[in-house]
Amino acid sequence: MSTTDWILIALQGAVVIGFIALGVRFGGIGLGLWGGVGTLILVFLFGLDPGEPPISAMLIIVAVIAAAAAMQAAGGIDYMVLIAGKALRARPKMLNFVAPYVSYLLTILTGTGNTFFSLIPVINELAYANKIRPERALAGSTVASTFGITASPVAAAMATMLPLVEIYNYDIVDVMLITLPASIIGIFAMALVMNNYGKDLDDDVEYQRRLAAGEIEPPAPAGEITLLPYAKRSVAIFLTGVLAICVFGVFEALRPTVAAEGGGVEPMSVTPLIQMIMLTAAALILLLAHVGAGDVASAPIFKSGMIAMIALFGIAWMADTFIANNEDAIVTALGSLAENWPFTIAIAIFLVAALTTSQSAATRTMIPLGLALGIGAGYMIAMWTAVAGVIFLPANGTQIAAAEADKTGTTTLGKRVIDHSFQLPLQICWIVTLLAGCAIVYLFFGDHTPVPPVPTTP
Amino acid sequence: MRGPLPWILATAGVLAVIVVTALIGNREDSSETVPAGEWAQNVCGAVGVWRGQVEAIVEDLRTPNANATAGEEPQSETPQGRTGFIRKGLERGVQAAETLVVGVDNAGTPDTEEGEEAAERVSDWAESALSELEESEESLDDEAETIEESIEQLAEAGRTIAAVLASGAQTLVEVGRLDPELATAFRDSPTCEQVREETAG
Numbered sequence: 280m281s282t283t284d285w286i287l288i289a290l291q292g293a294v295v296i297g298f299i300a301l302g303v304r305f306g307g308i309g310l311g312l313w314g315g316v317g318t319l320i321l322v323f324l325f326g327l328d329p330g331e332p333p334i335s336a337m338l339i340i341v342a343v344i345a346a347a348a349a350m351q352a353a354g355g356i357d358y359m360v361l362i363a364g365k366a367l368r369a370r371p372k373m374l375n376f377v378a379p380y381v382s383y384l385l386t387i388l389t390g391t392g393n394t395f396f397s398l399i400p401v402i403n404e405l406a407y408a409n410k411i412r413p414e415r416a417l418a419g420s421t422v423a424s425t426f427g428i429t430a431s432p433v434a435a436a437m438a439t440m441l442p443l444v445e446i447y448n449y450d451i452v453d454v455m456l457i458t459l460p461a462s463i464i465g466i467f468a469m470a471l472v473m474n475n476y477g478k479d480l481d482d483d484v485e486y487q488r489r490l491a492a493g494e495i496e497p498p499a500p501a502g503e504i505t506l507l508p509y510a511k512r513s514v515a516i517f518l519t520g521v522l523a524i525c526v527f528g529v530f531e532a533l534r535p536t537v538a539a540e541g542g543g544v545e546p547m548s549v550t551p552l553i554q555m556i557m558l559t560a561a562a563l564i565l566l567l568a569h570v571g572a573g574d575v576a577s578a579p580i581f582k583s584g585m586i587a588m589i590a591l592f593g594i595a596w597m598a599d600t601f602i603a604n605n606e607d608a609i610v611t612a613l614g615s616l617a618e619n620w621p622f623t624i625a626i627a628i629f630l631v632a633a634l635t636t637s638q639s640a641a642t643r644t645m646i647p648l649g650l651a652l653g654i655g656a657g658y659m660i661a662m663w664t665a666v667a668g669v670i671f672l673p674a675n676g677t678q679i680a681a682a683e684a685d686k687t688g689t690t691t692l693g694k695r696v697i698d699h700s701f702q703l704p705l706q707i708c709w710i711v712t713l714l715a716g717c718a719i720v721y722l723f724f725g726d727h728t729p730v731p732p733v734p735t736t737p
Numbered sequence: 018m019r020g021p022l023p024w025i026l027a028t029a030g031v032l033a034v035i036v037v038t039a040l041i042g043n044r045e046d047s048s049e050t051v052p053a054g055e056w057a058q059n060v061c062g063a064v065g066v067w068r069g070q071v072e073a074i075v076e077d078l079r080t081p082n083a084n085a086t087a088g089e090e091p092q093s094e095t096p097q098g099r100t101g102f103i104r105k106g107l108e109r110g111v112q113a114a115e116t117l118v119v120g121v122d123n124a125g126t127p128d129t130e131e132g133e134e135a136a137e138r139v140s141d142w143a144e145s146a147l148s149e150l151e152e153s154e155e156s157l158d159d160e161a162e163t164i165e166e167s168i169e170q171l172a173e174a175g176r177t178i179a180a181v182l183a184s185g186a187q188t189l190v191e192v193g194r195l196d197p198e199l200a201t202a203f204r205d206s207p208t209c210e211q212v213r214e215e216t217a218g
């Protein structure tokens, strides 16, 4: 590639970062609108092919928000707040530990971080009702759900990883024996830091401003919450929906089969199932919890969800337009970095994931390179967890949805693109997970990679 | 925890990652002579990983749109991203072959009588695999004038991938025939055993 090409890529990158920054400054749907302007400039001014808007994620947000808003209209959120309030009465801050692990588990079971969308409004409401800075639980949970991917037996990234390490006698169980405990340790370290991160709500200037301006209601004391008659039922329906998604995620055989292109049939993917199940849950809440369809659209969760969807639309479309046109250049540049200085391989994996926002791209390009450079397969599995770098830039659906859900203003997408609420937990979690993974490989898998055979007489 | 402390810790963590990665070490035997067993192990490892990558590419090409599971992510890979899928597959094939060349080069030269010849043959094969895939990718740039030509272009791309795969297995067999010591090394190497199983499979 010529110097001119690199200058053009740098200029395109500056457009992306500039419009993300501008969108963040405007906030709300401004993020999506400015993302749309950025896409327009990339296509018309730089002549790039338009990328793909994140249609699956947007549709999942619509379906999940419909169900969560219906539950809120039925009083289900209030019921959950009451129950969680009782459970967390002695130690409300436990939410900062429990929420990330639940989010992590959900991703492991379904193999996609998209399931986490269903927890965002719930975690936000529970944190706020317990006067916990929502950023702590929301940012921690968003990061934790991302780490569920490399620990999930049903994730697409795992399917990409396995053929690369099977040659070294590492099967799916071995991979999970490294990534699962390592990420559990990483998430704990992250939650420990996040538990005390940022000011308490009472001392937070932005929250107090919003409160004084009437932009947000103070959390209602538990004693003042009046439960609507079908609140419990709506919660039961919503949680059954989430449980059904998990069951279908784990047991492929339960999913409807669809025709496979190469012949035969195969199980349907989880993504459309999430959409179907959540829409069905919303419909059942309308029917069985006696909620009016109009009440759903006026629920606060509905508004924040729709804003998140528009924000994601523009920003992710702009990011994908840049990435789809420049992925090869990014991978080649970072591949060369790792080739020349193999000790940077983990950083390179993280950066490829960050700059392509694709765990699969980082897996299929950087893991083989690390193996070709002679780094042990077990260690490469430990370093593979660095693909969580996909949330380095605030262009991921779960990040945008979490920031939009938090009306206290503590969970933000940052002012300078990389200074968002998810950055610190991400950095802590990927570093601790990777180091823990390497320690696990060193202690328990040292001789697992087949060693060169002892020469025998021909 | 407030202020710059968490960020200082995170920076220290990144440095720790670099130090640990450096301690783990890597193998760089490109200019060295290595025992036959080690060479066979390294070469078969590189070939096996490459076959795994090609397998993933082929699997992606075969997966139906609406049910695509491989690489399914919110931002970057939607069902609509299938345009130019064959071309993308070939680009990935070229990328994988580049990595194969790195792996084969890093394997060094076996310390047997025909070691240099063997290393050269494997290296030549890896290089030719790369150039064949690159040529195939470039041929898609030529706009087909008829639908028949267009289909032929796609079929040719598929044939190239298949031929490159077959020639890899053949090269390893030939290298084994060239030098009995290497044949033994290939027979005893667990990664070569895996490659053999997959090829036979």
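Heads up: the protein sequence lines correspond to chains S and R, in order. According to this note's numbering, the residues represented by the first sequence are 280 to 737, in order. According to this note's numbering, the residues represented by the second sequence are 18 to 218, in order. Just so you know, even glycine gets a beta-carbon here, dropped at the ideal spot from N, CA and C. Just so you know, these numbers come straight off a predicted model, no measurement behind them.
On the DSSP bridge assignment, give the partners of residue i in chain order.
i	result
R/THR50	R/THR126
R/GLU155	According to DSSP, which records beta bridges pairwise, R/GLU155 is partnered with nothing at all.
S/GLU545	S/VAL537
Check each candidate in the options and name the one with the smallest Cα separation from residue i.
i	options	result
S/LYS763	S/ASP599, S/VAL360, S/ILE679, S/ILE344	The question about residue 763 of chain S has no answer, for chain S in this structure spans 280 to 737.
S/ALA300	S/PHE701, S/PHE724, S/ALA674	S/ALA674
S/PRO332	S/SER431, S/ALA346, S/ALA348, S/GLY315	S/GLY315
R/THR129	R/LEU26, R/PHE203, R/ASP196	R/ASP196
R/ALA146	R/GLU165, R/ALA179, R/THR163	R/ALA179
R/ILE74	S/THR439, S/ILE589, S/LEU507	S/THR439
S/THR635	S/LEU319, S/GLY330, S/ALA561	S/GLY330
S/SER577	S/MET280, S/ALA342, S/ALA352	S/ALA352
R/GLY185	R/VAL139, R/LEU171, R/THR116	R/VAL139
R/PRO52	R/ALA143, R/LEU199, R/LEU157	R/LEU199
R/ALA135	R/SER206, R/THR50, R/ARG104	R/THR50
S/CYS717	S/LEU703, S/ILE697, S/TRP663, S/ASP698	S/TRP663
S/GLY228	R/ALA124, R/THR216, R/ALA174, R/GLU215	The structure shown does not extend to residue 228 of chain S, since chain S spans only 280 to 737, so no value can be given for it.
S/ILE697	S/VAL433, S/PHE723, S/ILE670	S/ILE670
S/LEU567	S/TYR509, S/GLU683, S/ALA366	S/TYR509
R/PRO207	S/LEU405, S/TYR658, S/LEU522, S/GLU445	S/GLU445
S/TYR449	S/LYS686, S/GLN702, S/ALA661	S/ALA661
Mind checking residue i: buried by the 16 CB within 10 Å criterion, or exposed?
i	result
S/ALA499	exposed
S/ARG412	buried
R/LEU22	exposed
S/ASN619	exposed
S/PHE530	exposed
S/MET280	exposed
R/SER148	exposed
S/PRO647	buried
S/ASP482	exposed
Mind reading off the beta-carbon distance from residue i to residue j? Whole number of angstroms is fine, and I expect it under 8 Å.
i	j	result
S/ILE679	S/ALA587	5 Å
S/GLY419	S/ALA378	7 Å
S/LEU256	S/VAL294	As shown, chain S starts at 280 and ends at 737. That puts residue 256 of chain S outside it, with no answer to give.
R/GLY106	R/ASP141	That belief does not hold up - the Cβ atoms of R/GLY106 and R/ASP141 are roughly 25 Å apart, past 8 Å.
S/ALA633	S/LEU692	Their Cβ separation, rounded to whole angstroms, is 15 Å, which puts S/ALA633 and S/LEU692 out of contact at 8 Å.
S/LEU375	S/MET473	It is Asn, not Leu, that sits at residue 375 of chain S in the sequence shown. Between S/MET473 and S/ASN375 the Cβ distance is about 6 Å, and since that is below 8 Å, they are a contact.
S/PHE467	S/ALA346	With a Cβ gap of about 30 Å, S/PHE467 and S/ALA346 do not count as contacting.
R/ALA183	S/LEU714	The Cβ separation is near 42 Å, so there is no contact.
Identify whether residue i lies in helix, strand or coil by the three-state DSSP scheme.
i	result
S/GLU606	helix
S/THR282	helix
S/THR642	helix
R/ALA21	First, the residue type needs correcting, since residue 21 of chain R is Pro and not Ala in the sequence shown. Three-state result, R/PRO21: coil.
S/SER700	coil
S/TRP620	coil
S/ASP481	helix
S/ARG368	coil
S/ARG674	Reading the sequence as shown, one finds Ala at residue 674 of chain S and not Arg. Here S/ALA674 sits in coil by DSSP.
S/GLY427	coil
S/ILE411	coil
S/GLU445	helix
S/ALA499	coil
S/PHE530	coil
S/ARG304	helix
R/GLU72	helix
S/LEU319	helix
R/ILE41	helix
S/PHE592	helix
S/PHE724	coil
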